[in-house]
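Taking it in order: structure first as structure tokens, then the write-up.
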Amino acid sequence: MGSSGTGRAFIGSFTTAGGRGIISASVDRGTGALTVLGATDAVANPSFLALSQDGSVLYGVSETAEGAVAAYDVTGAQPQLAGAAVPVGGKDPTHLAVAAGHVLTANYSSGSVSVLPLRGGGLGEPTSVLRHKGSGPNAERQEGPHAHQVLPDPSGRWVVSVDLGTDSVRTCALDASTGVLTLHGETALKAGSGPRHLVFHPDGTHAYVLNELEPTLTVCRWDAGAGTLQPVGETAVVPDGVYTETYASEVVVSHDGRFLWAANRGHDSLSVLALDRTREKPALVTTVDCGGHWPRDLTLDPTGRRLYAANERSGDVTWFDIDPGTGIPRRAGSIEAPAASCVVFG
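Take 0 as the starting number for the sequence shown in numbering that gives the first Met the number 0 and just add one per residue.
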């Protein structure tokens, strides 16, 4: 993305909570400002989105009990549904990723991960549904498995899935030719922590797991050769004493690997953490107001100079300019986006 001109963004939302579906917006590359261009509500609850590698197709979950994924042609002015939404064989898909010619979904309520092949501009039926097993000590939130995120590792050799219900991260191998997902290993995290999302460091040898129920950040070493994740430490993402009704939602890392940012619902803040040279001792620098209520998602723009918070309950997306020296975000603007749940850039 250049320093001038216009880019594009897509905002997911919960239609059952008053959202407009997928909002398309222009992005001022100089200021980061978003301008709403239109919306499509062709599919219910497109709460998480991902673009194809060439940026021509947008994939969105339908986070419902029926559970589906839809593909949208985004080569025109507005997203156009490319065929019917395809059932994923799981309930409430809450996250998806594109990897090795497939779309993978993390299905929260059924505690499973699904694999669907890319076919032209659309999707095929699931080729694999891997069901997680287990539970955690939190009777209300961890009565069974709850897959919350799935993504490929930086090497492209593995797929990892984060499960809030079982306090674990699973490493899997995806056969690109058959679309079959095979469990390779499982990493246990602190009981009751409720891991939600993971981000890999740019060095490819570390990962950071954001825990929703504590809220904390678990530091891990990642061995791409062996496909193993090793927890080595933990740090709080909010100040001491700020735990009640605080649920961490998303974690992102700076392009240069110096900073991490986490979004915290309830506390309604963005945490700034600085990384040392070992990448294993993140230090909480400060927290700043998220600019709304209940930040469900946090996204770094392609330049790495701005953060965008999707504030679900206040119904807006707020953007921040990042101080390159301190990593501290400064609020720069916002737009209305009812029941906003994610932001992706094309």
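Cβ atoms here follow ideal geometry from the backbone N, Cα and C, with glycine treated the same way.
query: Meets three-Cβ-pair contact criterion under 8 Å: the stretch 171-179 and the stretch 196-209; result: no
query: Nearest residue (CA-CA) to residue 268, options 279, 277, 73, 238; result: 238
query: 7 Å CB neighbourhood of residue 96 in its chain, flanking five on each side removed; result: 49, 103, 149, 150, 151
query: Whole-Å CB distance - residue 101 paired with residue 114, under 8 Å assumed; result: 5 Å
query: Every unbroken beta strand (DSSP E) inside the stretch 140-166 [3 residues or more]; result: 146-151, 158-162
query: Complete beta strand (DSSP E) runs within the stretch 35-90 (minimum length 3 residues, chain order); result: 48-50, 56-61, 67-72
query: Closest Cα partner of residue 247 within the set 19, 292, 323, 204; result: 292
query: Assigned exposure category for residue 110 - 16 Cβ within 10 Å defines buried; result: buried
query: Distance, residue 28 Cα to residue 306 Cα; result: 13 Å
query: Close beta carbons around residue 265, own chain, < 6 Å, minus the five adjacent residues each side; result: 244, 245, 246
query: From 127, 205, 272, residue whose alpha carbon lies closest to that of residue 182; result: 127
query: Close beta carbons around residue 64, own chain, < 6 Å, minus the five adjacent residues each side; result: 90
query: Simplified DSSP assignment, three categories, for residue 16; result: helix
query: Under the three-state DSSP convention, the category residue 293 falls into; result: coil
query: For residue 120 and residue 81, believed in contact at Cβ under 8 Å, the rounded distance; result: 5 Å
query: DSSP state of residue 188 mapped onto helix, strand, coil; result: coil
query: Distance CB(residue 229)-CB(residue 277) smaller than 9 Å; result: no
query: Buried/exposed call for residue 61, threshold 16 Cβ in 10 Å; result: buried
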